[in-house]
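Heads up, the thing below is written out as structure tokens.
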Ligand code: CTP
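In my numbering, the protein residues as written are 2 to 873.
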């Protein structure tokens, strides 16, 4: 007999791993030791008929030939089943994502992989063997992965977890059910305990690392302490935290860490527990809570060693100068080095640090010959070679400096800058081959391109933006699509500016300089300036970083250097900037090799989680690919497919998807992008049954023709028309009226747009059949039939019609009839003693009909015709 088991107090990853393991060991019994977490118990009580699981007390351990242990490798966590370990005739197999330790059960087969969940390891084996899984199995396994990876957001999440989650979703995993179990609310008891934990939290600074320790007591064993740990982490955002809860005879211990050098699995090991580098736990039986806390602090004091030290952060050798050297010479020294700073020495003393940014400013104002001592910062906060990166981070934030010098005794080793810190904390992100920024390295000057590409006014405006930023001591950059289009030679008058500084203050100043107006969004630090004449507008934002202040954990949006701002963007081709302020106007900043991707025609995401972070980028990728005739490169396409598989778009606000639909359908040739979305199975996010059929494709072509005719007839200026709405009508053509209405409501399209779409759906058939009649129709009949329909609806009907006659009649309406107006006015009639009343409109209508049918022409004829009918 074969048994599959896991650890006591089983969570979803444990349960899911057992279920997955049974696929690999089909005859095995699933046996749970001890209790389970509350949510798992609830789930099992609903699915017990479908998922047969036994409890250790009901199972005989005789005749067991193989024991399969999942989600743990420790004998003391598998209850009675531990008796089978080492027993003659019993083979042990282990599947676990916890790192191996010396305490592990000895096994004949031990499968370990560094993943966020054990279920992932087993799911991969199932997938490789091409086994079938039911939607229920897929859902339970997805629960395991989503729980242990915090819905794929914990730092322990790997690409394999994402791949396997995607595999399970494509096998029918129900994510609604997954989220309903994972979003469990806390009970009153748990809430009380959480409040106690928060109150009891002490912050200890141990070897520069801030450690939170919360300890309290509870009458009963806390079943789901890891959930409380998670809530505490969410509420307080600690980098390293420990929770201890004393119950009658034991202390429950949970540890969490976001720091690469604090391995909580080792710390939990001290108390007989285990886990991962970033999440671990133990049940302590031989100490009470205060003894355990004391032991913990002792251990941390001797073991926490921040492994990032100042000396490891120094990125380059610094140029040096004396206080009397001219600014320009020092600037040249910096420019010839790899850094942005120079150290100013006065004999053996460090007199100050000069920053490239400040020297550029001084030179642009004509102070290039002045002595550097007036332009350096004398605020120096020296650190030692082994000062921790965290202490340096505190100094940089608290003292408001951009860098600190590092000394080994009296010897200056170099400096550590904000960017050095960022790179150190997020080395993993920056190391990715696609996303490796090469520092603030300006690769090309675009000044002449700017002059050639833009109207003179625009080029001047860009210069003025730079000068305004200089005056305010900010740095300004043009970014995003504007830079991309400049390099491609495509006209784009939507200027996106980012400011290293206060964007709102900057906007106010800019609007003042130009006598323009502005609006701003305080919360996002963004603003828009409108210029008199209304030709162009400028969007201004502050450079943002979402990761700087706290490594990993919950990202905070903060003002940060331009490189960080570029790193949070979608594709390499959109992650370039050029400089507007300081010296070097027009210098291109291209840390992710966007220019070479532009040349090669590649759409490339900056990092692997780009589409998980922001699923609307899936639509954007298709849009840019088709607009520029580029190719989404294979790895990025893979990432998109995974995000699609994970139904990431389902979790995105419908309004954001609506904006993407509008953007795609506003492209010059939307069919190409729509085709791509259909290929990626993305159309189902608009409506489940929506397909790109042959007739929809043909209708798109007919809309192209109708619009081409409309443009050629130069009607555009007279009637503004939403091209995207016509294409949307074409895309939804095969859906029923009710389905189209549902889409309008769900995506909250504007009421007026919905009305146009729906009116076309309601009347198209009848209208087209009337207009297709062979017999002659009077202009007034055509007018009556089409009056009140929007231009969009008319153009869509034109495209839909199979008959030239109907198309011709709509064209006549749009080019001729719609412009025919009566010259007589209301007061022409009142002067003649006619009082306004219900008959008034009727008579005017008849008069207009007569004019449309060329029975009358002049104003006098109109008046005469109308008067006859008033009297008649
Ligand atoms: N961006 C992003 N992720 C998104 C949307 C936008 O990273 N989901 C960034 C890109 O750097 C983009 C910039 O914000 O270039 C501006 O966005 P937007 O104006 O929507 O796009 P453009 O690239 O200017 O494209 P378009 O030409 O279609 O306006």
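By construction, the Cβ of each residue, glycine as well, lies at the ideal position given by its N, Cα and C atoms.
Checklist entry - If you compare alpha carbons, which of 362, 627, 321, 15 is closest to residue 414? => result 321
Next on the checklist: Rounded to the nearest angstrom, what separates residue 842 and residue 799 at their Cα positions?
Outcome noted: 30 Å
Next on the checklist: Check for me: the alpha helix (DSSP H) holding residue 675 runs from which residue to which?
Outcome noted: Residue 675 -> alpha helix (DSSP H) spans 671 to 680.
Next on the checklist: On the DSSP bridge list, what partners appear for residue 203?
Outcome noted: Answer is 214, bridged to residue 203.
Item to check | Proximity to residue 624 [Cα-Cα], best of 774, 378, 503, 669 | outcome: 669
Item to check | Reduced DSSP category for residue 118 - H, G, I as helix; E, B as strand; rest coil | outcome: Of the three classes helix, strand and coil, the one that applies to residue 118 here is coil, per DSSP.
Item to check | CA-to-CA distance, residue 63 to residue 435, given in whole angstroms | outcome: Low confidence applies to residue 435: its pLDDT is 37, below 50, so where it sits in the model is not reliable, and the reading given next is rough at best. If I take the Cα positions, the gap works out to 56 Å.
Item to check | Pairwise C-alpha distance: residue 257 and residue 143 | outcome: 23 Å
Next on the checklist: By alpha-carbon positions, which one of 474, 451, 684 ends up nearest to residue 579?
Outcome noted: 451
Checklist entry - In whole angstroms, what separates the C-alpha of residue 381 from that of residue 341? => result 16 Å
Checklist entry - What do you get for residue 160, buried or exposed, if any count of 16 or more other CB atoms within 10 angstroms of its CB means buried? => result exposed
Checklist entry - What do you reckon, are the CB atoms on residue 846 and residue 824 nearer than 9 Å? => result no
Item to check | Pairwise C-alpha distance: residue 585 and residue 563 | outcome: 16 Å
Checklist entry - With respect to the beta strand (DSSP E) encompassing residue 254, which residues constitute its N-terminal and C-terminal limits? => result 252 to 258
Next on the checklist: Helix, strand or coil for residue 445? Go by DSSP, reduced to three states.
Outcome noted: It is a strand residue.
Item to check | Three-state secondary structure assigned by DSSP to residue 833 | outcome: Residue state, collapsed to three classes: coil.
Checklist entry - First and last residue of the alpha helix (DSSP H) that includes residue 782? => result 780 to 787
Next on the checklist: Am I right that residue 650 and residue 686 are in contact with their C-beta atoms under 8 Å? What's the rounded C-beta distance?
Outcome noted: 5 Å
Checklist entry - Would a C-beta distance cut-off of 9 Å place residue 581 and residue 464 closer than the cut-off? => result yes
Next on the checklist: Quick check on the DSSP output: the beta strand (DSSP E) that includes residue 476 runs from which residue to which?
Outcome noted: 476 to 480
Next on the checklist: Assuming contact is defined by CB atoms lying nearer than 9 Å, are residue 757 and residue 726 in contact in what I supplied?
Outcome noted: Their beta carbons are under 9 Å apart, which means residue 757 touches residue 726 by this criterion.
Checklist entry - Run through DSSP, which three-state label would residue 6 get? => result Under the three-state reduction of DSSP output, residue 6 falls in the strand class.
Checklist entry - Looking only at C-alpha atoms, which of 191, 187, 504, 98 sits nearest to residue 157? => result 98
Checklist entry - At a cut-off of 8 Å, is residue 481 close to the ligand CTP when judged by its beta-carbon and the heavy atoms of the ligand? => result yes
Checklist entry - Roughly how many whole angstroms lie between the Cα atoms of residue 676 and residue 606? => result 21 Å
Checklist entry - Any contact of the region 127 to 144 with the region 77 to 88, i.e. 3+ C-beta pairs under 8 Å? => result no
Checklist entry - Which stretch, first to last residue, makes up the alpha helix (DSSP H) that contains residue 597? => result Its alpha helix (DSSP H) spans residues 595 to 601.
Checklist entry - Would residue 571 be called buried (16 or more neighbouring beta carbons within 10 Å of its own) or exposed? => result buried
Checklist entry - Taking 8 Å as the cut-off, does the CB of residue 569 come closer than this to any heavy atom belonging to the ligand CTP? => result Yes.
Checklist entry - To which residues of the same chain is residue 838 closer than 7 Å at the C-beta, ignoring the five residues directly before and after it? => result none
Checklist entry - Can you give the beta carbon distance from residue 120 to residue 14, rounded, assuming they're within the 8 Å contact cut? => result 6 Å
Item to check | 9 Å Cβ cutoff met for residue 422 and residue 488 | outcome: Note that the C-beta distance between residue 422 and residue 488 is not below 9 Å.
Checklist entry - Using a threshold of 8 Å, is the CB atom of residue 486 nearer than that to any non-hydrogen atom of the ligand CTP? => result yes
Next on the checklist: Residues in the same chain with beta-carbon distance under 7 Å from residue 673, minus the five sequence neighbours each way, listed in chain order, please.
Outcome noted: 627
Next on the checklist: Between the region 800 to 808 and the region 772 to 786, can you find at least three pairs of beta-carbon atoms closer than 8 Å?
Outcome noted: yes
Next on the checklist: Beta-carbon within less than 6 Å of residue 7's beta-carbon, same chain only, minus the 5 sequence neighbours each way: which residues are those?
Outcome noted: 15, 19, 71, 72
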